[in-house]
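Chains as they are written, first to last, in our numbering: chain P, 3 to 396; chain L, 482 to 865. Working notes, structure below.
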Amino acid sequence: MTFQSFLIKYAEIGIKGKNRYLFEDALVRQIKFALENVEGQFNVTKAAGRIYVNAESNYDYDEVITALKRVFGIVWICPVVQLPDEGFDVLKGKVLEYIDEVYENKNFTFKVESRRSRKNYPMVSQEINMELGGAILEKFEGTKVDVHNPEVRLRIEVREQFINVYSKEIQGPGGMPIGTNGKAMLLLSGGIDSPVAGYMIAKRGVTIEATYFHAPPYTSERAKQKVVDLAKLVAKYSGPIKLNIVNFTDIQLYIYDKCPHDELTIIMRRYMMKIAETLAKKSGAIGLITGESIGQVASQTLQSLAATNEVCTLPVYRPLIGFDKQEIVEVAEKINTYETSIQPFEDCCTIFVAKHPVTKPNINVIKSSEQRLSEKIEELIKVALETVEVIECK
Amino acid sequence: MEAYLDNSATTKVYSDVCDKMREAMEVQYANPSSLHIKGVEAEGYIKEAKEIIANTLKVQEKEIFFTSGGTESNNLAIIGTALANKRKGMHIITSSIEHPSVSNPMEYLKELGFSITYLPVDKEGCVKLDKLEEAITDKTILISIMHVNNEIGSVQPLEEISKIIKKKNPNTLFHVDGIQGYGKYMIRPKKMGVDMYSVSGHKIHGPKGIGFLYVSEKVKIKPILFGGEQQKGLRSGTENIPGIVGLCVAARKGYENFDEKINYVYELRQYFVYQLEQMDGVTINGMKQGEGAPHIVSASFDGVRSEVLLHSLEDRGIYVSAGSACSSNKPAISSTLKSIGVKKELLDSTIRFSFGHFTTKEELEYTLQVLNELLPMLRKYRRM
Chain P
3 MTFQSFLIKY AEIGIKGKNR YLFEDALVRQ IKFALENVEG QFNVTKAAGR IYVNAESNYD
63 YDEVITALKR VFGIVWICPV VQLPDEGFDV LKGKVLEYID EVYENKNFTF KVESRRSRKN
123 YPMVSQEINM ELGGAILEKF EGTKVDVHNP EVRLRIEVRE QFINVYSKEI QGPGGMPIGT
183 NGKAMLLLSG GIDSPVAGYM IAKRGVTIEA TYFHAPPYTS ERAKQKVVDL AKLVAKYSGP
243 IKLNIVNFTD IQLYIYDKCP HDELTIIMRR YMMKIAETLA KKSGAIGLIT GESIGQVASQ
303 TLQSLAATNE VCTLPVYRPL IGFDKQEIVE VAEKINTYET SIQPFEDCCT IFVAKHPVTK
363 PNINVIKSSE QRLSEKIEEL IKVALETVEV IECK
Chain L
482 MEAYLDNSAT TKVYSDVCDK MREAMEVQYA NPSSLHIKGV EAEGYIKEAK EIIANTLKVQ
542 EKEIFFTSGG TESNNLAIIG TALANKRKGM HIITSSIEHP SVSNPMEYLK ELGFSITYLP
602 VDKEGCVKLD KLEEAITDKT ILISIMHVNN EIGSVQPLEE ISKIIKKKNP NTLFHVDGIQ
662 GYGKYMIRPK KMGVDMYSVS GHKIHGPKGI GFLYVSEKVK IKPILFGGEQ QKGLRSGTEN
722 IPGIVGLCVA ARKGYENFDE KINYVYELRQ YFVYQLEQMD GVTINGMKQG EGAPHIVSAS
782 FDGVRSEVLL HSLEDRGIYV SAGSACSSNK PAISSTLKSI GVKKELLDST IRFSFGHFTT
842 KEELEYTLQV LNELLPMLRK YRRM
């Protein structure tokens, strides 16, 4: 028995009042995007508070489910069997066949829930429920009816053209459709955390753009490729990500020349934030996203976070701020970025890292160190911004 | 300017090799096992290739077996003879500077119950012969030692080794990983007392995915791949005719005007090493001038991380390896460098330059000039 259609259920966006259509349209758009690279023809329609994905050709079931499970805003995916109306006896036969195929283990409690939008169907909903329920009980001895808390809810929907039969619900990722909550700039490194941070903010409907700081020859072409690969993995959820690659070498070496080495990382990160913010404002992003979590490394103590935060005027979103490493790893594994993240290429934050970097930077001390950069730093930043390489990741 | 100095990782293919391979794919594309005339014609390629390759080693055609490359040749030689001879004993000897395609099969055999002795090497990367002699017992069935080390270019005295082996236990088989040696030396397995010799196509300006194993007819060996019983059952699988043809052309060309070609590469090496030695803070690893392989220079640069130097050179069109690039692209510390006692602080500062038939003196001059420019800058900015 093949599923010709998928009923898409969404929860949170159903309650958005007058703006509801905006959310639904965004969800339809994201579903279409997710299905672009899936083999087969699909028609995505919005009807009476529901979204249907109808297959119009042969397709691979697992591939479709995998794609839909990545669309933020979807709460449940219900594979639907569409039957033409050939009389109730045929329907009954097909329903039994459906139960037989879909449920390997036939010991479960169930309930039949029918709805008729085609009111001239010869039986009313209650009659359909009873007839089908009886037939199931008779055919499958291990089944039992439970109208209050059934394990299986078998839905029968008598519609104009078809009768829909479904009972399976596959959990979607939740969240909100991309494009409904503005755009933010993700500081993407090659590590485990930043792709997860991007994923989490994207989950709330935010469009993601990303910035990566490249420091050749201290970081390699492969390190850059790894970041592109990570952006592509996140893009499977978030939609296309514009990745800005900033050549950071000269700025880094200049800081190395002029500033105390134990302050290097903090000062470097302050300039990264500044540059990312400039790029963000240029492209209309209204927030920054980082993968920081309190205390994970020297540059992520509260004092260090305060020192890096101080250079920005845009809000900085840090969705992992209260996460332990293991919790971050779990999400990274779920979204399939972990394996790419752990490839051993050096990133630009570690190449000159001091043995004992400051962990409680004093903002005034940092600022006075930065005074020593006043001669050339603006020019270097300008050059870095002018030479940004942009890669469209999808 | 571009300077490709990573010929021990892989080489550029001769254009004759490409032409001949194209012909094998577009014209004589049949399966050599097919009974019809096209199959016979394809089989002709294999025969011709075996003849030419056997002639470079002065061995019999029937002693040449084509494989998918160096890794498979080494695996077949080691696992194939270990399994075929285990009733005579389960002891195997190898060196501590072998390529992973030798040392990992050894570890696999260890899991199967074989005992493996790893021989130490001296500071030039040469196997300690007295230790070898001590290690051989009447249970030793196989000794596998590489011809030329891929990281530092040290060359093992194969004839001396084989004499020691035959003296202590004439039944012990001697396998040589010749992946960096073939095409660089005249090899006479029969005279040298080598029973098996592994070769890879892409290290000699031939294609990737092809290699061969010389197996002396006296050797008892079992297959490690099972299937249609091609190549006398030792290596099943439809023969990779384009690869075989390409390998054959590369082997023939490599041994044409051999002395002239090798002297050319030697002179390049001599020049390059001499110039490097004039620089501050540079140590050349491995054997003395004139003793090591003609195509490999391993140099440690004090106070510079090899990966950073590699990428700086790359930026100027110069391609080299850090340690050994052949086995993987992971920046792992090389066991060969450790074995020859390279100082700890230099382990991560070592670069391999390797030459081929296409390398020119201009490329080396350019590389030296770039090194002179880069090193002071790179030494200034270092990790604290």
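Note that the Cβ used here is the ideal one computed from N, Cα and C, for glycine as well.
So is residue i buried or exposed if we call it buried at 16+ other beta carbons inside 10 Å?
i                      : result
residue 716 of chain L : buried
residue 358 of chain P : exposed
residue 239 of chain P : buried
residue 70 of chain P  : buried
residue 51 of chain P  : exposed
residue 853 of chain L : exposed
residue 295 of chain P : buried
residue 807 of chain L : Low local confidence applies: a pLDDT of 38 at residue 807 of chain L is under 50, so the model's placement there is unreliable, with the coordinate-based value given in what follows. By the 10 Å Cβ count, residue 807 of chain L comes out buried.
residue 155 of chain P : exposed
residue 809 of chain L : Its pLDDT being 42, under 50, residue 809 of chain L is placed unreliably by the model, and the measurement read from it follows with that caveat. Residue 809 of chain L should be labelled exposed.
residue 244 of chain P : buried
residue 84 of chain P  : buried
residue 365 of chain P : exposed
residue 553 of chain L : buried
residue 803 of chain L : buried
residue 179 of chain P : buried
residue 308 of chain P : exposed
residue 805 of chain L : The predicted position of residue 805 of chain L is uncertain, since its pLDDT is 44 and thus under 50; a value taken from the coordinates is nonetheless stated next. With 16 or more Cβ atoms within 10 Å of its Cβ, residue 805 of chain L is classed as buried.
residue 75 of chain P  : buried
residue 811 of chain L : Low confidence applies to residue 811 of chain L: its pLDDT is 48, below 50, so where it sits in the model is not reliable, and the reading given next is rough at best. Exposed, since its Cβ has fewer than 16 Cβ neighbours within 10 Å.
Using the beta-carbon of each residue, which ones in chain L are nearer than 7 Å to residue i?
i                      : result
residue 255 of chain P : 862
What residues of chain L sit near residue i, judged by a beta carbon separation below 8 Å?
i                      : result
residue 258 of chain P : 862
Whose Cβ in chain P lies nearer than 8 Å to the Cβ of residue i?
i                      : result
residue 788 of chain L : 222, 348
Could you tell me which chain P residues have their CB closer than 7 Å to the CB of residue i, listed as they occur along the chain?
i                      : result
residue 793 of chain L : 219
residue 796 of chain L : 218, 219
Chain L partners of residue i, CB-CB under 9 Å?
i                      : result
residue 354 of chain P : 862, 863, 864, 865
Can you tell me which of the options puts its alpha carbon nearest to the alpha carbon of residue i?
i                      : options                    : result
residue 212 of chain P : P/246, P/228, P/180        : P/246
residue 614 of chain L : L/827, L/575, L/532, L/821 : L/575
residue 493 of chain L : L/545, L/631, L/800, L/857 : L/800
residue 111 of chain P : P/140, P/147, P/133        : P/147
residue 666 of chain L : L/601, L/720, L/706, L/538 : L/538
residue 780 of chain L : L/654, L/515, L/753        : L/753
residue 222 of chain P : L/829, L/789, L/486        : L/789
residue 504 of chain L : L/723, L/830, L/841        : L/723
residue 586 of chain L : L/721, L/797, L/705, L/770 : L/705
residue 773 of chain L : L/635, L/546, L/618        : L/635
residue 5 of chain P   : P/37, P/55, P/30, P/34     : P/55
residue 331 of chain P : P/121, P/82, P/129, P/197  : P/197
residue 60 of chain P  : P/27, P/53, P/67, P/44     : P/44
Mind checking if residue i is an interface residue toward chain B, Cβ cutoff 9 Å exclusive?
i                      : result
residue 831 of chain L : Going by chain labels, chain B is absent from the structure shown, which instead holds the protein chains P and L.
Quiz item: Mind pulling the beta strand (DSSP E) runs of 3 or more residues that sit fully within the segment 588-654 of chain L?
Solution: 596-600, 621-627
Practice problem: Starting from the N-terminal side, write out each stretch of the alpha helix (DSSP H) that is 4 residues or longer and does not extend beyond the segment 329-377 of chain P. | Solution: 340-343, 365-373
Quiz item: Along the chain, which unbroken stretches of the beta strand (DSSP E) at least 3 residues long are found entirely within the segment 272-334 of chain P?
Solution: none
Quiz item: In chain order, which continuous runs of the alpha helix (DSSP H) of length 4 or greater are located wholly inside the segment 719-807 of chain L?
Solution: 722-735, 739-758, 787-796
Quiz prompt | 4 or more residues per run - each alpha helix (DSSP H) lying fully within the segment 827-864 of chain L | solution = 842-861
Quiz item: Which full runs of the alpha helix (DSSP H) of 4+ residues lie inside the segment 20-82 of chain P, going along the chain?
Solution: 22-37, 63-70
Exercise. Could I get the ranges of all uninterrupted beta strand (DSSP E) runs contained in the segment 197-278 of chain P, with 3 residues as the minimum, in chain order?
Key: 209-216, 243-249
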